[in-house]
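A.B. asks:
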Amino acid sequence: MAYSFHVPLSKAHFRWNNAIPPALTVPSGAEITFDLKDGANNQIRPDNTTTCFSTFDREQVDPAFGPVYVEGAEPGDVLKVEIQSLATADYGWTAVFTGFGLLADDFPDEQHVKIWDLSGKSLLPGTAGANGPPRAVFKPGISVPVRPFLGVLGIAPAEQGEFSTIPPYALSGGNVDTRYLGAGSTVYLPVQVPGALFSCGDGHAAQGDGEVCGTAIETPTTASVRLSVIKKGAEGWMELSCPHYTTPPRAGEIAEDDLRGTYAALGIHADPREAARMALRGLLDWLEKNKGLTRVEGYMLASVAASLRMTEVVDMPNFAVSCSVPLSTFEE
Numbered sequence: 004m005a006y007s008f009h010v011p012l013s014k015a016h017f018r019w020n021n022a023i024p025p026a027l028t029v030p031s032g033a034e035i036t037f038d039l040k041d042g043a044n045n046q047i048r049p050d051n052t053t054t055c056f057s058t059f060d061r062e063q064v065d066p067a068f069g070p071v072y073v074e075g076a077e078p079g080d081v082l083k084v085e086i087q088s089l090a091t092a093d094y095g096w097t098a099v100f101t102g103f104g105l106l107a108d109d110f111p112d113e114q115h116v117k118i119w120d121l122s123g124k125s126l127l128p129g130t131a132g133a134n135g136p137p138r139a140v141f142k143p144g145i146s147v148p149v150r151p152f153l154g155v156l157g158i159a160p161a162e163q164g165e166f167s168t169i170p171p172y173a174l175s176g177g178n179v180d181t182r183y184l185g186a187g188s189t190v191y192l193p194v195q196v197p198g199a200l201f202s203c204g205d206g207h208a209a210q211g212d213g214e215v216c217g218t219a220i221e222t223p224t225t226a227s228v229r230l231s232v233i234k235k236g237a238e239g240w241m242e243l244s245c246p247h248y249t250t251p252p253r254a255g256e257i258a259e260d261d262l263r264g265t266y267a268a269l270g271i272h273a274d275p276r277e278a279a280r281m282a283l284r285g286l287l288d289w290l291e292k293n294k295g296l297t298r299v300e301g302y303m304l305a306s307v308a309a310s311l312r313m314t315e316v317v318d319m320p321n322f323a324v325s326c327s328v329p330l331s332t333f334e335e
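Heads up, the sequence shown is in the working numbering, so the first residue is 4 and it goes up one at a time.
(1) Using the DSSP secondary-structure output, state which residues sit across from residue 86 in a beta bridge.
(2) Does residue 29 come out as helix, strand or coil in the three-state DSSP assignment?
(3) Does the count of Cβ pairs from the stretch 29–37 and the stretch 226–246 closer than 8 Å reach three?
(4) For residue 15, which residues from the same chain have a beta carbon less than 8 Å from its beta carbon, with the 5 sequence-adjacent residues on both sides left out?
(5) Can you check which of these residues, 209, 158, 93 and 197, is closest to residue 124 by C-alpha distance?
(6) Just grab the DSSP bridge partners of residue 288 for me.
(7) Within 10 Å of its beta-carbon, does residue 113 have 16 or more other beta-carbons around it, so buried, or fewer, so exposed?
(8) In terms of residue numbering, what span does the beta strand (DSSP E) encompassing residue 189 cover?
(9) Keeping to the same chain, check which residues put their C-beta closer than 8 Å to that of residue 289; ignore five residues upstream and five downstream.
(10) Classify residue 211: buried if its beta carbon has 16 or more other beta carbons within 10 angstroms, exposed otherwise.
(11) What is the rounded straight-line gap between the Cα of residue 316 and the Cα of residue 61?
(12) Among 217, 258 and 186, whose alpha-carbon lies nearest the alpha-carbon of residue 169?
(13) Which residues in the same chain as residue 130 place their Cβ atom closer than 8 Å to its Cβ, once the five residues preceding and following it in sequence are excluded?
(14) When the Cα atoms are used, what is the spatial distance from residue 24 to residue 174?
(15) Is it buried or exposed, residue 163, if we count other Cβ atoms within 10 angstroms and call 16 or more buried?
(16) Count the other CB atoms within 10 Å of the CB of residue 157; is the residue buried (16 or more) or exposed (fewer)?
(17) Mapping DSSP to helix, strand and coil, what is residue 299?
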């Protein structure tokens, strides 16, 4: 299918700013293809793994591509973003950077990168009986399902000035890193400025809930989306106070967690972040002891395959957070 509009690689920005000139102006309902560099602006590639950390520029992290001005969008409206298709590059990477990640203080001096082969010839078939997607190999006997999604989906903020693209924002979205936002999903964003000024980026091939080491399977991506305006007061719609989204059904597919079950550690603490850290450390202990991984290998695998979940929030003073990995990640 030919799309009417195109945002090229050259239209990258590293700050949210409602003064950035639009890369495109489109009517409501327009379909747009975006060519996207990865979340590190393509600074890590299969050909530079020995030098990538020494030359890495953190000012180039999480580029967003756009912005796209959508005609008719006004503050108080909702921008409907339908993710139609996502195509990854034939490689991806996962990395541990000093000072970044949920357990940054556990790995104070370590920097590691794992290159993933995402080419069709190297992907494994979906897990038998699961009717799921092909799988990328982490190590022999360990693989994860490839489910591409966009980490960055956002609009310009109402406030004047520049805002980093690294954190997400309560109203305008941005680097939400939510693994459910793949093809077939729809995101709803509360419009903050005329035209909405939509941008996207940070393609991923797979991620667990939490992206715990700080990176997923990062990969350059081609994304096709449809942008539509839902006017304020439209029947069935309220004024949004945060981004909303819907996901498509996976007809006939068995969830990875249900196929062979999961292994999980449960962290309990008055601080939910500390509970999450306890749970993750517990899972890393198990991966080291039972799956033969080094501590940093387990950390990277957890970032792309394991999921943090808040399991209890009302029994004060403590919170409970689980960190689980599908057992289908490992060959029997």
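Note that CB positions come from ideal geometry on N, CA and C, so glycine has one too.
C.D. replies: Taking the coordinates as given:
(1) Taking the sequence shown and counting its residues from 1, the one referred to as residue 86 is at position 83. Residue 86 is bridged to 228.
(2) Numbered from 1 along the sequence shown, position 26 holds the residue referred to as residue 29. In this structure, residue 29 counts as strand in the three-state DSSP scheme.
(3) yes
(4) As a working mapping, residue 15 is identified with position 12 in the sequence shown. Correct list, in chain order: 40, 44, 66, 67, 68 and 204.
(5) Here residue 124 corresponds to residue number 121 of the sequence shown, with the count starting at 1. Checked all of 209, 158, 93 and 197; the closest Cα to residue 124 is 93.
(6) Taking the first residue of the sequence shown as 1, we reach residue 288 at position 285. Per DSSP, none; premise fails for residue 288.
(7) The residue labelled residue 113 in the question sits at position 110 within the sequence shown. With fewer than 16 Cβ atoms within 10 Å of its Cβ, residue 113 is classed as exposed.
(8) By one-based count along the sequence shown, residue 189 stands at place 186. Residues 189–193.
(9) Along the sequence shown, read from residue 1 onward, the residue named residue 289 stands at position 286. Here the set comprises 266 and 268.
(10) For the purposes of this step, residue 211 is identified with residue 208 of the sequence shown, where counting begins at 1. The residue is buried, with at least 16 neighbouring Cβ atoms inside 10 Å.
(11) The sequence position of residue 316 within the sequence shown is 313, counting from 1. The sequence position of residue 61 within the sequence shown is 58, counting from 1. Whole-angstrom Cα-Cα distance: 35 Å.
(12) What you label residue 169 is simply residue 166 of the sequence shown in a count that begins at 1. With distances taken between Cα atoms, residue 169 lies closest to 217.
(13) Counting from one through the sequence shown, the residue named residue 130 turns up at place 127. Result list for residue 130: 138, 148, 259, 262 and 331, in chain order.
(14) Here the question's residue 24 lines up with position 21 in the sequence shown. Here the question's residue 174 lines up with position 171 in the sequence shown. Whole-angstrom Cα-Cα distance: 21 Å.
(15) By one-based count along the sequence shown, residue 163 stands at place 160. Answer is exposed; the Cβ neighbour count stays below 16.
(16) Within the sequence shown, residue 157 is the residue found at index 154, counting from 1. With 16 or more other Cβ atoms within 10 Å, it is buried.
(17) The residue given as residue 299 occupies position 296 in the sequence shown. Correct three-state label for residue 299: helix.
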